[in-house]
Amino acid sequence: MTATLACAHCQTPVESVASICPGCRSPIQVMAFPAWLARPEIGIAAPAMEGEAGCFYHPSKQAVVPCDQCGRFLCALCQVDFFGENWCPSCIEISRRKGRLSGLDAVRTLYGNAALSLAVLPLLFWPITFMTAPMSLYVTFRYWSAPSSLVRRNRWQFYAAILFDVVELGAWFWLLAFLVSRL
Amino acid sequence: MTPVAYRRLPGLAVAPFRRQTLWMGPDHVLSVRTLPFSEHYRRYYFSDIQAIVLTESGSPMAYYLYASAVFLLLMFLLLGYTWHPVWATLCGIAGAVLLTLGLRVPNCACYLQTATGVVRLPSLGRLRAARKTLAILKAAIEASQGRLT
Chain A
2 MTATLACAHC
12 QTPVESVASI
22 CPGCRSPIQV
32 MAFPAWLARP
42 EIGIAAPAME
52 GEAGCFYHPS
62 KQAVVPCDQC
72 GRFLCALCQV
82 DFFGENWCPS
92 CIEISRRKGR
102 LSGLDAVRTL
112 YGNAALSLAV
122 LPLLFWPITF
132 MTAPMSLYVT
142 FRYWSAPSSL
152 VRRNRWQFYA
162 AILFDVVELG
172 AWFWLLAFLV
182 SRL
Chain B
218 MTPVAYRRLP
228 GLAVAPFRRQ
238 TLWMGPDHVL
248 SVRTLPFSEH
258 YRRYYFSDIQ
268 AIVLTESGSP
278 MAYYLYASAV
288 FLLLMFLLLG
298 YTWHPVWATL
308 CGIAGAVLLT
318 LGLRVPNCAC
328 YLQTATGVVR
338 LPSLGRLRAA
348 RKTLAILKAA
358 IEASQGRLT
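If you're matching them up, the sequences are chains A and B in order. Just add 1 to the spot in the first sequence (first one is 1) and you have my numbering. Just add 217 to the spot in the second sequence (first one is 1) and you have my numbering.
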């Protein structure tokens, strides 16, 4: 049984060769691929017979492959094909927690944007820049080598933040020196 | 893990403090939702994509914006001709803004179907960009899965 293709506008089911939606009469372009007709692969773990190795996580299931990271025996349910290797779910979770799978992150914090905002936005209310400029510098140097965007790997925000911070702190020092000299 | 090299695909959806773009990796397409201080990613592997459906949906809002822009640009010319520079400038700026907004109104919707569900690709809201992107994606998916016969 294949999944149904539907019009994006009115959700009416459409054929894979349709050019007009039968429901809303909107021009439609459907591109179906072989995965649409493929039956989903369901991992069926056979029970372990006497003398056979069992899965580490499900001892009653037959082990089919060892994990390429930790060596634990895995059944068909626990085996994960991970970039051409067999991994167990716990190895994936541990690697994700330790940041070794940074290329598979679902969320990344943009520290460069935070540092730049901390340097620029307080200029609207400039007296607080004596606090926010050092904070921006701290964020810049603390997170300089932290993973940034997956798709745009540049640090211009950090450089711009440093520039703004230096100018703001320089202005504060100049103001302080000026006031002290007037005393 | 070595960093994956991504190539930007045509199409962009912009909302206040949020933008969505599509990027193509070696074996997947990456949907990126950018907020002011974070980026959120979703990966759709070429081998998992079952279908892509593109529906044209002309919105009347675009025509209202175009009509208003044309009216304001005519006012700009008229006021400029009668030597009212301030009002002419204001009408010109407003007309240009409305024209830009009209060009950004989505005129199509694109959905991507996998075995786990159907997701909308907000960045493919303009027909021209959507067609360009889908041509690139179709070639990559067919290279991964083959053609449906």
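Note that CB positions come from ideal geometry on N, CA and C, so glycine has one too.
Coil, strand or helix - A:Phe57 by DSSP: coil
In DSSP terms, what A:Phe126 is bridged to: Beta-bridge pairing links A:Phe126 to no other residue.
According to DSSP, residues forming a beta bridge with A:Cys22: Answer by DSSP bridge pairing: none, since A:Cys22 is not bridged.
Limits of the unbroken alpha helix (DSSP H) element including B:Tyr367: Past the edges of chain B, shown from 218 to 366, lies residue 367 of chain B, and the structure says nothing about it.
Residues near B:Tyr327 by beta carbon distance below 6 Å, same chain, minus five either side: According to the sequence as given, residue 327 of chain B is Cys; it is not Tyr. Result list for B:Cys327: Leu271, Leu338, Leu341 and Ala347, in chain order.
Sufficient close CB pairs (3 or more, under 8 Å) joining the stretch 253-273 of chain B to the stretch 310-320 of chain B: no
Contact with chain B by A:Gln70, beta-carbon distance below 8 Å: no
Proximity below 8 Å, CB of B:Leu248 to CB of B:Arg236: First, the residue type needs correcting, since residue 248 of chain B is Ser and not Leu in the sequence shown. Against a cut-off of 8 Å, the Cβ pair of B:Arg236 and B:Ser248 comes out as no contact.
Opening and closing residue of the beta strand (DSSP E) in which A:Asn87 lies: Glu86 to Trp88
Neighbourhood of A:Pro135 by C-beta distance below 8 Å, restricted to the same chain and skipping five residues each side: Asp166 and Leu170
Neighbour list for A:Trp37 in chain C, Cβ cutoff strictly below 8 Å: Within the model displayed, chain C is absent; protein chains A and B are what it includes.
Proximity to A:Ala77 [Cα-Cα], best of A:Lys99, A:Ala46, A:Pro67 and A:Ser146: A:Ala46
Collapsed DSSP secondary structure at A:Met50 in the structure displayed: coil
Helix, strand or coil at B:Thr238 [DSSP, three-state]: strand
Three-way DSSP call (helix, strand, coil) for B:Leu341 in this model: coil
Contact set for A:Ile93: own chain, Cβ-Cβ below 7 Å, skip 5 residues either direction: Val81 and Phe83
Counterpart residues of B:Gln267 in DSSP-defined beta bridges: None, per the DSSP bridge assignment.
Buried or exposed (CB count within 10 angstroms, at least 16 for buried), A:Pro123: buried
Reference B:Gly312, options B:Leu290, B:Tyr262, B:Leu351 and B:Leu239, closest by Cα: B:Leu290
Start-end ranges of the beta strand (DSSP E) lying completely within the stretch 306-350 of chain B, minimum 3 residues: 325-331 and 334-337
Segment contact, 8 Å Cβ cut-off, at least three pairs: the stretch 116-133 of chain A with the stretch 155-165 of chain A: yes
Span of the beta strand (DSSP E), counted from its first residue to its last, around B:Ser255: Ser255 to Tyr262
Within 8 Å of chain B by C-beta, residues of the stretch 147-175 of chain A in sequence order: Ser150, Leu151, Val152 and Arg154
Sequence-distant residues of the same chain with beta carbon closer than 6 Å to A:Ser96, five excluded per side: Leu102
Spatial distance of B:Leu307 from B:Phe293 (CA atoms): 8 Å
Whole runs of the alpha helix (DSSP H) within the stretch 63-114 of chain A, excluding any shorter than 4 residues: 90-98
Rounded separation between A:Ser27 and B:His257 - CA only: 32 Å
Cβ neighbours of B:Thr333 in the same chain (closer than 7 Å, five flanking residues each side left out): none
Bridge-paired residues (DSSP) for B:Ser248: B:Leu239 and B:Arg259
Assigned exposure category for A:Lys62 - 16 Cβ within 10 Å defines buried: buried
Rounded C-alpha distance that separates A:Val31 from A:Ser20: 7 Å
Residue environment, B:Tyr261, which counts as buried when at least 16 other CB atoms sit within 10 Å: buried
Nearest to B:Pro323 (by Cα), restricted to the options B:Met278, B:His301, B:Leu226 and B:Pro302: B:Met278
Buried versus exposed, by CB contacts within 10 Å (16 or more), A:Trp127: exposed
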